[in-house]
Structure formats: C-alpha cells, structure tokens
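A.B. asks: Each residue of the sequence shown is one higher than the one before, starting from 5 at the first, in the working numbering. Glycine included, each C-beta is placed from N, C-alpha and C at the ideal position. Given the structure is predicted, the values throughout are model-derived calculations rather than measurements.
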Amino acid sequence: MDTRATSSSSSRTSSENCGRSYTVRRGDSLSTIAARCGVEWRDLARENNIRSPYSLNPGQTLTLPGPSTYTVRRGDNLYRIALNHGLSTQELASLNGISTSSTIYPGQELRVRGTPRAQRTSPPPRRVAQTPPSSTYSPPVTPPPTTGRPPARVEPQDPQLGGGVPRFTWPVEGQVLEGFGPQSSGKSNDGIKIAVEPGAPVRVAADGAVVYAGSELQGYGNLVLVRHSGGYVTAYAHNSVLRVGEGAQVRSGDIIAQAGSSGSADRPMLHFEIRRNVTPVNPLELLPNR
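#1: Could you check the C-alpha separation between G31 and V116 for me, to the nearest Å?
#2: Spatial neighbours of G79 within its chain, please: CB distance less than 6 Å, with the 5 preceding and 5 following residues excluded, ordered by chain position.
#3: So, using beta-carbon positions, are G267 and G225 closer together than 8 Å?
#4: Compare the Cα-Cα distances from S233 to each of L246, L227, A210, S244 and report the closest residue.
#5: Around the Cβ of Q187, are there at least 16 other Cβ atoms within 10 angstroms (buried) or fewer (exposed)?
#6: Starting from F276, follow its DSSP beta bridges and name the residues at the other end.
#7: Quick one: measure Cβ to Cβ for R29 and P62, integer angstroms, because I've assumed they're closer than 8 Å.
#8: Grab the span of the alpha helix (DSSP H) containing I85 for me, first residue to last.
#9: Just to confirm, is the Cβ distance from V176 to A263 under 8 Å?
#10: Where does A2 sit, in a helix, a strand or coil, going by DSSP?
#11: On the DSSP bridge list, what partners appear for L66?
#12: Among the residues of its own chain, which have a CB less than 7 Å from the CB of V282, if the five just before and after it don't count?
#13: Can you tell which of Q222, F172, P292 has its C-alpha closest to the C-alpha of R279?
#14: Where does R231 fall in DSSP's three states?
#15: At what residues does the beta strand (DSSP E) containing I54 begin and finish?
#16: Check whether the Cβ atoms of Y240 and V214 lie closer than 8 Å to each other.
#17: Can you tell which of L227, G251, Y74, G249 has the C-alpha that lies nearest to the C-alpha of M273?
#18: Leaving out five residues before and five after Q161 in sequence, what residues of the same chain have Cβ atoms less than 6 Å from its Cβ?
#19: Taking 8 Å as the cut-off, decide whether the C-beta atoms of G257 and V208 are in contact.
#20: Beta-carbon within less than 8 Å of T93's beta-carbon, same chain only, minus the 5 sequence neighbours each way: which residues are those?
#21: Please report the residue range of the beta strand (DSSP E) in which I259 lies.
#22: Do L91 and P69 have their C-beta atoms within less than 8 Å of each other?
#23: For R175, does the three-state DSSP call read helix, strand or coil?
#24: Could you tell me which of R271, G185, E250, I259 sits nearest to P287, measuring between CA atoms?
#25: Between the C-alpha atoms of C22 and S59, what's the straight-line distance to the nearest angstrom?
#26: Considering only residues of the same chain and omitting the five flanking positions on each side of E289, which have a CB-CB separation below 7 Å?
#27: Exposed or buried, which one is N53 when buried takes at least 16 other CB atoms within 10 Å?
Written out as structure tokens, the structure reads:
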C-alpha cells in the first residue's frame, strides 16, 4: 500500500465525503486518511492532538478539521481572522502568500487550514495502524518512472467559480499615472492609477458579481469590488458615485461607478487593482495593449 503523502489538490479530486469524523481502519495512516477525506495531514494531526510518532489504532475515532477557506467579511482584518482560526497573523499571511500588512477585501477567500507554502515538507514518519504488539511494517512503494517530458501546464481553477484567467478590459480611458509595485516614494502600489475626467464612466473589466460597494476602507474612497471566475477580484477606487450595489451581477463593460477623487486621491483618478484571491497582480500584464 502506498503510504506517501498526497497533495491537497489531488486528494480533493479523489476524496470521499467523510463527514466530521473518521474511524481508523487497519493499515491507515495520517496521510492516507487525509488523502481519502480531502484534508491536510498536519491539520488532521493538530485537530486530534496527535504528535510524533503519529501512531494510530484500528477503531480509533478521529475528528476531521473544519473548512479550509474563509470568506472575508466587512470589518475583518488579518489579526482577527487568524485569532478565530487558531493561527498567528504571520502564519495566516504565509498560508496565502501575502504580507501581514496586505489589504484584504470583503468577498475574498483566505486559506485558514494547511501548511504554509514555505514550510511544506514530506509527511511525518508513519506508523501503520495495527493492533499492538504487532510490528508489521509496510515498505514505501517506489513511484513509477517518469517519461522525461514536463507536465502540461494547467490553468489554475477556482473550486467555487471555476474558469481560468478572465479576459479583462480597461475600466476607463486615460493615462496611467502610477504603475504597479514599488514607487520612488518608497511605498508600493497594489494596482495602477489612471487619470480620468470627473464623472467619467467606470466600467467593470470582466463579467462577475459585486461583492462590495461602499466607502469603509480607509483611503480608497467610494470603492467597488467585483469577483470574477478563477478566483480573481477587481477593485475600483476613488469614485464620486457608485452605480451598483452588493450582489449585482455585472457584464464586462457595464458602468459600475462615476470617476472622481474621493478618499486619499489628490486629483480625479481611478485606482484599479486585479487580485488572484488576495495576491495583487500587475493589471498591465492582464489588460490588452492600447
């Protein structure tokens, strides 16, 4: 029996609906149970207070970990979310590939379970479940030889929305005032700033659903957030008037706001962001050339 760890993505595709508990069978290990039930073995061990050498016994009942993702709500911050899920702020940030100072938006999903990317290692030494005092040992199975060809690239898929990278369009016409990333001021821009005429129509960059429309995020002024397929979210900030409400379904090119200079803007502009879950992406890499 192959007792090696199974990646989180592959385990989910072949996982069973184990409910909230699982009864250990002969030959089970943390990694095989995790693969069968679609959870991370580290989460499974932590949930049941199992420590090295990670021994299991037939008939033992394990409690399965809860949800692996959390949808950000109004008023949330990384500290509060981390506290509610038994994590430190740094652990939560590491799980999602962001910094502890990153801005999070309502409607975005954060990973709250699993091992941080930088700390993922092989599974623990496994003791095959057995009835003591047996000392039966199951040797690891050698993986089949590879063909030498690199695996085909698969576009990331969002488990809820599906789809790959949306086809984004420019939300407004105008000159790019500030690009993505580190700036000469020492600050970093998570999007781009585009010059606009006051009151100019702001159009949604791709099909999606409005997950936030308001002015509660400091500095952003009147802000609209739209969630798209593939786990992408676009942000439209500094508007003068919002033309949509939360829950609205929008099509690419629909008018969602009128441009302005609300929030921290010192001139009429649109601050536009594209994020993959919570990670900022350079919009100029996904918008068409013009």
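C.D. replies: Taking the structure as given:
#1: Answer to the nearest angstrom: the Cα atoms are 29 Å apart.
#2: Once the five neighbours on either side are set aside, G79 has no close Cβ partner at all.
#3: yes
#4: Comparing Cα positions, the closest option is A210.
#5: So Q187 ends up on the exposed side.
#6: I196, Y240
#7: 6 Å
#8: 82-88
#9: yes
#10: Any property of residue 2 remains undetermined from this structure, which presents the chain solely from 5 to 294.
#11: Per DSSP, Y26.
#12: N100, I102, S106, I108, Q112, L114
#13: F172
#14: strand
#15: It is not in any beta strand (DSSP E) - I54 carries neither H nor E in the DSSP assignment.
#16: No, they are not a contact pair.
#17: L227
#18: Note that Q161 scores a pLDDT of 36, beneath 50, so its modelled location is shaky; the value from the coordinates is reported in the next line. Around Q161: no qualifying Cβ.
#19: Cβ atoms of G257 and V208: closer than 8 Å.
#20: Once the five neighbours on either side are set aside, the close Cβ partners of T93 are L82, Y83, A86, T104.
#21: 259-262
#22: no
#23: Note on residue identity: the sequence assigns Pro, not Arg, to residue 175. Note: P175 maps to coil in three-state DSSP.
#24: Cα-wise, what sits closest to P287 is G185.
#25: 20 Å
#26: Taken in chain order, the list of residues that qualify is empty.
#27: Note on N53: under 16 other CB atoms within 10 angstroms of its CB, so exposed under the neighbour-count rule.
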